[in-house]
Structures are given as structure tokens and as C-alpha cells.
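What follows is one structure encoded as C-alpha cells, with my remarks underneath.
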Amino acid sequence: KAGVTQTPRYLIKTRGQQVTLSCSPISGHRSVSWYQQTPGQGLQFLFEYFSETQRNKGNFPGRFSGRQFSNSRSEMNVSTLELGDSALYLCASSLEGQDYGYTFGSGTRLTVV
Amino acid sequence: KQEVTQIPAALSVPEGENLVLNCSFTDSAIYNLQWFRQDPGKGLTSLLLIQSSQREQTSGRLNASLDKSSGRSTLYIAASQPGDSATYLCAAELSGTYKYIFGTGTRLKVLA
Numbered sequence: 229k230a231g232v233t234q235t236p237r238y239l240i241k242t243r244g245q246q247v248t249l250s251c252s253p254i255s256g257h258r259s260v261s262w263y264q265q266t267p268g269q270g271l272q273f274l275f276e277y278f279s280e281t282q283r284n285k286g287n288f289p290g291r292f293s294g295r296q297f298s299n300s301r302s303e304m305n306v307s308t309l310e311l312g313d314s315a316l317y318l319c320a321s322s323l324e325g326q327d328y329g330y331t332f333g334s335g336t337r338l339t340v341v
Numbered sequence: 307k308q309e310v311t312q313i314p315a316a317l318s319v320p321e322g323e324n325l326v327l328n329c330s331f332t333d334s335a336i337y338n339l340q341w342f343r344q345d346p347g348k349g350l351t352s353l354l355l356i357q358s359s360q361r362e363q364t365s366g367r368l369n370a371s372l373d374k375s376s377g378r379s380t381l382y383i384a385a386s387q388p389g390d391s392a393t394y395l396c397a398a399e400l401s402g403t404y405k406y407i408f409g410t411g412t413r414l415k416v417l418a
């Protein structure tokens, strides 16, 4: 059974550019969440989608956005990149969220220079 | 506002020891609590999920308990091995929020 797949694994971008990260959940999982991990702030919640609807959003600027497609795959986009956006971005999938726990992918390491 | 704290921040033990990692949360109305391990530069591996109606979960050498009234969860690792060396994270979810609040983690090193 394939796990949560995140692409790409590594990215280097320049300040001011935009970036799109992709997440393919475990087959049958309809909930996809995104988290940002930095040494200073730890793991912070970005947003959660279920059946193409955003159910919750974390406290991040509007430069961070996401969406979910009908096949449950999800993308997150960061526009006008800043140095502080350098982080490990983790995606998690769940059958429906809440009672089922979450399975995380290996993450995308974004470096902004 | 839910806050999750993990103590200690780092722990170094000789191989074979039994150990306890602690996780405290401020809002007792949590729904689920999940323990993860993270190896350097990697994603999170789920260890144990304690659902809202449960108080304890066990998997192999791992046992996790949840006491909502006191705002605490503990992860017990029996007979520790060098392969257990990693950062351990607990995450709490409030009902209807569909998000985890993560603790800052305990970095464990098991010496051979």
C-alpha cells in the first residue's frame, strides 16, 4: 500500500518567486493537511482539505494557499517567497480526519535564497 | 488556546533502559492524541493514536496513555535500543478543528 507521496523532495527558490508543492494521499483517504516545520517554530498547521473543501486554515499570510482536487490530491502554493519560508513542508492524509489519525509524507525541503 | 509541552527536551540513556516521555496539554477537551517519531531530515512516522474514547494504546515495546483530566499523555518505551534514537513528537487535536497542535518534541539518544 503506497504511503503519502510528496513532490518534489527538495527545492531551491529565489526570494520573490512562487512555488507549488504536491501531495498524493494514501488511496481512499479524503482528508489532506499541510504543516510547516522550522527549527524555531516547530510544526505549524497550514490548512486541511476534505473532499475539495478547506475545513480549517492556520495563522499564515495569504501568500500561502492550497487546493484539493477531486482525486484527493492536493497542492499548496507560496507566492512572493521570503527567506523565512525556508522550511520542511509536510503533508498528511487521513481517511476522514478526527478518529482515524494522520499519516505523514516525507516532506518537501524548500530553501529560499 | 491549546498549547502542548514536552518534557524533557532531550534525553540520553544506555541501551536496555525503560523510559517515559511526557506530553502536557492545556485544553482538556482534546479529541485525539497521536505520538510520532521523526528521524533527522525525514517525515513523521506514526507510533500510536489514542482516540477520544480510549485511555491507552500499545504496540510492541511502546505504550501510550492519555489522561484528559490532568492534561497529560505519556509514552513508555520498554527495553530501549539504539534504533529508537529519534525525536518523539506528540500532537493533540481538538474536536472539530481537523488540525494537530504539536509539542516541541523530545530528542532521544540511546547509547549502545
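Note that the protein sequences, when read in sequence, are chains X and L.
Just so we're aligned: the first sequence equals residues 229 to 341 in this note's numbering.
Just so we're aligned: the second sequence equals residues 307 to 418 in this note's numbering.
Using N, Cα and C, we set each Cβ at its ideal position, and we do this for glycine too.
beta-carbon residue i near the ligand GTP non-hydrogen atom, thresh 8 Å
| i | result |
| --- | --- |
| X:Phe292 | Ligands are entirely absent from the displayed structure, and the ligand GTP is therefore not among its contents. |
Partner residues on chain X for residue i, Cβ-Cβ distance less than 7 Å
| i | result |
| --- | --- |
| L:Gln357 | Asp327 |
Beta-carbon neighbours of residue i, restricted to chain L and to distances below 8 Å
| i | result |
| --- | --- |
| X:Leu318 | Gly349, Leu350 |
| X:Thr331 | Ser352 |
| X:Asn305 | Per Cβ cutoff of 8 Å: no residues; X:Asn305 is ~19 Å from chain L at best. |
| X:Ser300 | By Cβ distance, chain L contributes nothing, its closest Cβ being about 15 Å from X:Ser300, past 8 Å. |
Residue i versus residue j: straight-line alpha-carbon distance, rounded
| i | j | result |
| --- | --- | --- |
| L:Leu378 | X:Asn305 | Per the sequence shown, the amino acid found at residue 378 of chain L is Arg instead of Leu. The alpha-carbon atoms of L:Arg378 and X:Asn305 are separated by roughly 36 Å. |
| X:Pro289 | X:Gly268 | 18 Å |
| X:Val340 | L:Gly322 | 42 Å |
| L:Leu400 | X:Phe273 | 13 Å |
| L:Thr499 | X:Gly231 | Any property of residue 499 of chain L remains undetermined from this structure, which presents chain L solely from 307 to 418. |
| L:Tyr337 | L:Val310 | 14 Å |
| X:Arg243 | X:Glu310 | 5 Å |
| L:Gln357 | X:Thr331 | 15 Å |
| L:Leu317 | X:Tyr277 | 36 Å |
| X:Ser307 | X:Val260 | 21 Å |
| L:Lys348 | X:Ala320 | 13 Å |
| X:Ile240 | L:Ala384 | 41 Å |
Close Cβ partners of residue i (< 7 Å) along its chain, the five nearest in sequence each way excluded
| i | result |
| --- | --- |
| X:Ser279 | Arg258 |
| L:Ala392 | Arg343, Gln344, Asp345, Leu414 |
| X:Gln245 | Leu309 |
| L:Ser334 | Lys374, Ser375, Gly377 |
| X:Ser314 | Leu338, Thr339, Val340 |
Chain L contact residues for residue i, given Cβ-Cβ distances below 7 Å
| i | result |
| --- | --- |
| X:Asn205 | Not covered by the structure: residue 205 of chain X. The range shown for chain X is 229 to 341. |
| X:Gly335 | Gly349 |
Residues that residue i contacts on chain X, provided the C-beta gap is smaller than 8 Å
| i | result |
| --- | --- |
| L:Phe331 | Simply none; closest approach about 15 Å. |
| L:Thr410 | Gly270 |
9 Å Cβ cut-off: residues of chain X touching residue i
| i | result |
| --- | --- |
| L:Thr311 | Going along chain X, no residue has its Cβ under 9 Å from L:Thr311, so there is no contact; the nearest lies around 11 Å. |
Contact belief for residue i with residue j at Cβ below 8 Å, rounded distance in angstroms
| i | j | result |
| --- | --- | --- |
| X:Phe275 | X:Asn284 | 7 Å |
| L:Thr380 | L:Asn324 | Contact doesn't hold; Cβ gap of about 12 Å is too wide. |
| L:Gln363 | L:Leu354 | 4 Å |
Contact set for residue i: own chain, Cβ-Cβ below 6 Å, skip 5 residues either direction
| i | result |
| --- | --- |
| L:Thr450 | In the structure as shown, chain L starts at 307 and stops at 418, and residue 450 of chain L therefore has no counterpart that could be examined. |
| X:Ser250 | Thr235, Glu303 |
Per-residue contacts from residue i into chain L (C-beta, under 9 Å)
| i | result |
| --- | --- |
| X:Leu323 | Residues of chain L passing the Cβ test: none, with the nearest at roughly 12 Å. |
**Request:** Pick out the complete beta strand (DSSP E) segments inside the stretch 347–397 of chain L, 3 residues or longer, and give them in chain order.
**Result:** 350–356, 362–365, 368–373, 378–383
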